[in-house]
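Be aware that the sequence shown starts at 67, since it is given in this note's numbering, and climbs by one per residue. A quick write-up on the structure given underneath.
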Amino acid sequence: MRASLALSRITLQLDGSVILISGASEGIGCACAAALRGRGAKISACALPGSRWELPADDGVQRLEGDIADENFRRFWLESAIGRFGRIEGLINNVGIGLYAPATTAPLDEVRRLFDVNVFAALGLTQLIAPVMRRHHSGFIVNIGSVGGQVSLPWAAMYCASKFALHAINDSLRRELSPDGIHVMKVCPGIVETRFREHVLSGVAPHEVSGIRRTVTPERVAEAVVRGIERRSRTVYVPRIGKLFTSLDEISSRVMDWYLARKWTNARIQNAADPRASADY
């Protein structure tokens with residue numbers, strides 16, 4: 067325990083580190099890659115086939131395309147990264163898709179796909195990479211979750227459930243891997259200015275969410291991620307008000323139930339009048 071506590075106080079140096087980032091063609095993943103390159107890290111990035119890459123390729127950036135939910139592709143990615151850079155120090159499980167539907171009508175085939183990408187792909191990558199990190203008694207794993215993984219929202223039950231699952235896996239991993247010198251951190255962004263809605267399986271976000279103006283940029287999330295890695299933080303909220311939001315839910319779920327039910331009743335009426343409403347998470 068003392069060794070773990072002492073390790074947590076050490077600032078992690080990222081210069082020269084090799085880091086895998088899923089879903090890194092754009093958005094949070096791309097911003098994380100750029101921020102880490104600025105710290106001198108080398109990046110192996112993956113995205114879906116046909117992705118619009120905003121992340122430029124250079125000697126320190128490897129770009130691969132494939133379905134992260136496919137076990138064979140995950141193995142290929144890991145082998146390719148080691149083949150190019152010789153080692154791996156970090157993993158950022160960033161890739162994610164959405165699904166907006168009431169829990170009573172969410173299509174089960176889409177729910178399975180959602181969990182394949184948001185949960186099982188991250189777990190599968192972690193299971194492949196953790197043994198590599200254990201051999202060197204070092205490394206870090208970052209799971210990009212969501213405030214929706216702390217407080218479940220109406221019409222986003224399945225998305226929130228996938229993030230709740232990812233958070234649970236993250237917290238267990240943190241306790242399991244700490245004795246091996248591996249740092250595990252979860253990140254809980256609020257609403258981020260990305261093209262996430264293009265990666266929603268079906269449905270549209272309630273008007274109450276799509277009208278929110280307090281958004282954060284991918285770059286702001288990325289800087290928080292990098293600081294969290296360097297400081298060995300356990301949980302990072304972006305913006306920090308997200309922590310207050312989750313704390314209120316823990317303190318009084320009755321009040322939160324009343325608040326969300328009231329807001330989403332109004333949103334249902336507004337959505338009926340504006341079916342194009344959408345939002346980015």
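From the three backbone atoms N, C-alpha and C, an ideal C-beta is built for every residue, glycine too.
Asked: Top-ranked residue by Cα proximity to A172, from A223, A107, R297, P284; Found: A223
Asked: Integer Cβ distance of S88 from V161, believed to fall under 8 Å; Found: 4 Å
Asked: L157 vs I207 beta-carbon contact at 8 Å; Found: yes
Asked: N-terminal and C-terminal residue of the beta strand (DSSP E) that P255 is part of; Found: 249-255
Asked: Simplified DSSP state of N160, which is helix, strand or coil; Found: coil
Asked: Exposed unless 16 or more other CB atoms sit within 10 angstroms - verdict on Q216; Found: buried
Asked: Cβ-Cβ distance between C226 and S218 below 8 Å; Found: yes
Asked: Member of I257, N138, M251 whose CA lies at the smallest distance from the CA of V291; Found: M251
Asked: Residues of its chain near S212, where Cβ-Cβ distance is below 7 Å and the 5 sequence neighbours each way are ignored; Found: K229, C254, P255, Y347
Asked: Cβ distance (whole Å) where A135 is taken to contact D182 below 8 Å; Found: 4 Å
Asked: For C112 and A358, believed in contact at Cβ under 8 Å, the rounded distance; Found: Residue 358 is absent from the model: the chain starts at 67 and stops at 347.
Asked: With 16 other Cβ atoms within 10 Å as the buried cut-off, status of A90; Found: buried
Asked: Beta-carbon gap between E131 and P115 smaller than 8 Å; Found: yes
Asked: Check whether I163 and L180 have beta carbons under 8 Å apart; Found: yes
Asked: According to DSSP, residues forming a beta bridge with A167; Found: A222
Asked: Whether L194 touches R105 by CB criterion (8 Å); Found: no
Asked: Extent of the continuous beta strand (DSSP E) run through Q128; Found: 127-131
Asked: Three-state secondary structure (DSSP) of T192; Found: helix
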